[in-house]
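Add 84 to the 1-based position in the sequence shown for my numbering, that's all there is to it. Glycine residues also receive a C-beta, built at the ideal position from the N, C-alpha and C atoms.
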Amino acid sequence: MPSTHPALIKLLPCAPIQPASRCFGSSIIPQIPSSKPPSNPTPIHEPAPFNLFAQIRASSRPVRYTIYTGFALLATAETTFWVNVIYAKYFASEEEQEKADQLLERVQLAVKGYRATWMKNYGDYWGANLWGL
85 MPSTHPALIK LLPCAPIQPA SRCFGSSIIP QIPSSKPPSN PTPIHEPAPF
135 NLFAQIRASS RPVRYTIYTG FALLATAETT FWVNVIYAKY FASEEEQEKA
185 DQLLERVQLA VKGYRATWMK NYGDYWGANL WGL
(Lines of atoms letter the chains of each structure in order from A and count residues from 1; the text may use other names and numbers.)
(Lines give C-alpha, C1' and ligand atoms only; values in the text may rest on other atoms or scores of the structure.)
Protein backbone atom coordinates (compact mmCIF):
# COMPACT_ATOMS: atom_id res chain seq x y z
CA MET A 1 0.00 0.00 0.00
CA PRO A 2 1.50 3.39 -0.94
CA SER A 3 2.13 6.07 1.66
CA THR A 4 -0.52 8.81 1.92
CA HIS A 5 1.69 11.66 3.10
CA PRO A 6 0.53 14.90 1.34
CA ALA A 7 3.94 15.63 -0.16
CA LEU A 8 4.25 12.09 -1.49
CA ILE A 9 0.73 12.02 -2.94
CA LYS A 10 1.71 14.77 -5.35
CA LEU A 11 4.78 12.78 -6.39
CA LEU A 12 2.85 9.61 -7.14
CA PRO A 13 1.50 9.35 -10.70
CA CYS A 14 -1.91 8.16 -9.59
CA ALA A 15 -2.66 7.61 -5.92
CA PRO A 16 -5.74 5.54 -5.11
CA ILE A 17 -7.36 8.38 -3.08
CA GLN A 18 -7.06 10.98 -5.84
CA PRO A 19 -9.83 11.49 -8.39
CA ALA A 20 -9.13 10.37 -11.94
CA SER A 21 -9.00 13.95 -13.21
CA ARG A 22 -5.93 14.63 -11.06
CA CYS A 23 -4.10 11.59 -12.40
CA PHE A 24 -3.91 13.10 -15.87
CA GLY A 25 -2.97 16.64 -14.83
CA SER A 26 -0.62 18.72 -16.91
CA SER A 27 1.84 19.43 -14.11
CA ILE A 28 4.55 16.87 -13.38
CA ILE A 29 6.61 19.11 -11.07
CA PRO A 30 5.91 18.29 -7.42
CA GLN A 31 4.87 21.18 -5.22
CA ILE A 32 6.07 21.16 -1.65
CA PRO A 33 3.51 22.72 0.70
CA SER A 34 4.74 25.92 2.33
CA SER A 35 4.22 26.78 5.96
CA LYS A 36 2.95 30.31 5.33
CA PRO A 37 -0.42 30.96 3.67
CA PRO A 38 -0.45 32.22 0.07
CA SER A 39 -0.55 35.97 -0.22
CA ASN A 40 -3.30 37.75 -2.11
CA PRO A 41 -1.43 40.26 -4.27
CA THR A 42 -3.20 43.36 -5.46
CA PRO A 43 -4.28 42.95 -9.08
CA ILE A 44 -1.99 44.77 -11.49
CA HIS A 45 -4.81 46.62 -13.25
CA GLU A 46 -5.94 48.45 -10.09
CA PRO A 47 -4.00 51.67 -9.48
CA ALA A 48 -3.09 52.69 -5.97
CA PRO A 49 -5.60 55.04 -4.34
CA PHE A 50 -4.82 58.72 -4.80
CA ASN A 51 -3.38 60.36 -1.70
CA LEU A 52 -3.03 64.13 -1.96
CA PHE A 53 -0.73 64.45 1.05
CA ALA A 54 1.62 61.78 -0.30
CA GLN A 55 1.74 63.65 -3.62
CA ILE A 56 2.54 66.92 -1.84
CA ARG A 57 5.30 65.29 0.24
CA ALA A 58 6.82 63.77 -2.91
CA SER A 59 6.85 67.09 -4.81
CA SER A 60 9.76 69.50 -4.93
CA ARG A 61 10.22 72.15 -2.28
CA PRO A 62 8.95 75.18 -4.31
CA VAL A 63 5.83 73.29 -5.41
CA ARG A 64 5.19 72.08 -1.87
CA TYR A 65 5.49 75.57 -0.39
CA THR A 66 3.27 77.04 -3.12
CA ILE A 67 0.58 74.49 -2.31
CA TYR A 68 0.93 75.15 1.43
CA THR A 69 0.59 78.89 0.76
CA GLY A 70 -2.55 78.28 -1.31
CA PHE A 71 -4.05 76.16 1.49
CA ALA A 72 -3.22 78.89 4.00
CA LEU A 73 -4.90 81.57 1.85
CA LEU A 74 -8.01 79.43 1.39
CA ALA A 75 -8.17 78.74 5.13
CA THR A 76 -7.80 82.46 5.87
CA ALA A 77 -10.60 83.38 3.46
CA GLU A 78 -12.89 80.69 4.90
CA THR A 79 -12.19 81.77 8.47
CA THR A 80 -12.76 85.44 7.62
CA PHE A 81 -16.08 84.62 5.97
CA TRP A 82 -17.41 82.63 8.93
CA VAL A 83 -16.17 85.19 11.47
CA ASN A 84 -18.07 87.90 9.55
CA VAL A 85 -21.23 85.74 9.43
CA ILE A 86 -21.07 84.98 13.16
CA TYR A 87 -20.39 88.62 13.98
CA ALA A 88 -23.29 89.79 11.79
CA LYS A 89 -25.68 87.27 13.30
CA TYR A 90 -24.84 87.56 17.00
CA PHE A 91 -22.67 90.60 17.74
CA ALA A 92 -23.72 93.41 15.37
CA SER A 93 -24.48 96.73 17.06
CA GLU A 94 -27.58 98.80 16.25
CA GLU A 95 -25.62 101.00 13.83
CA GLU A 96 -24.23 97.98 11.96
CA GLN A 97 -27.47 95.99 11.97
CA GLU A 98 -28.54 97.04 8.45
CA LYS A 99 -25.17 96.09 6.98
CA ALA A 100 -25.24 92.79 8.93
CA ASP A 101 -28.74 91.99 7.65
CA GLN A 102 -27.60 92.56 4.06
CA LEU A 103 -24.67 90.20 4.57
CA LEU A 104 -26.87 87.51 6.10
CA GLU A 105 -29.43 87.92 3.29
CA ARG A 106 -26.70 87.45 0.66
CA VAL A 107 -25.45 84.35 2.46
CA GLN A 108 -28.98 82.91 2.62
CA LEU A 109 -29.54 83.59 -1.09
CA ALA A 110 -26.23 81.92 -1.94
CA VAL A 111 -27.14 78.86 0.14
CA LYS A 112 -30.59 78.63 -1.47
CA GLY A 113 -29.08 78.92 -4.95
CA TYR A 114 -26.51 76.26 -4.16
CA ARG A 115 -29.17 73.93 -2.78
CA ALA A 116 -31.39 74.42 -5.83
CA THR A 117 -28.50 73.71 -8.22
CA TRP A 118 -27.36 70.72 -6.19
CA MET A 119 -30.85 69.22 -6.03
CA LYS A 120 -31.32 69.68 -9.79
CA ASN A 121 -28.00 67.98 -10.54
CA TYR A 122 -28.75 65.24 -8.00
CA GLY A 123 -32.12 64.55 -9.62
CA ASP A 124 -30.62 64.58 -13.12
CA TYR A 125 -27.87 62.15 -12.14
CA TRP A 126 -30.08 59.64 -10.37
CA GLY A 127 -32.86 60.00 -12.92
CA ALA A 128 -30.56 59.31 -15.86
CA ASN A 129 -28.01 56.91 -14.44
CA LEU A 130 -29.85 54.87 -11.85
CA TRP A 131 -33.28 54.41 -13.32
CA GLY A 132 -32.37 54.81 -16.98
CA LEU A 133 -34.91 57.57 -17.57
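Problem set entry | Reference Y171, options Q186, A159 and P133, closest by Cα | Q186
Problem set entry | For W47, the first and last residue of its enclosing alpha helix (DSSP H) | Nothing can be reported for residue 47: it is not among the residues displayed for the chain, which extend from 85 to 217.
Exercise. Where does the unbroken alpha helix (DSSP H) through N213 begin, and where does it stop?
Worked result: Premise fails: N213 is in no alpha helix (DSSP H) and is neither H nor E.
For this session: Could you tell me how far apart the beta carbons of K173 and L188 are, in whole angstroms, since I believe they sit closer than 8 Å?
Result: 6 Å
Exercise. How many whole angstroms separate the CB atoms of V169 and V191, which I take to be in contact at a CB cut-off of 8 Å?
Worked result: 6 Å
Exercise. From T164 to A176, what distance separates their C-alpha atoms?
Worked result: 16 Å
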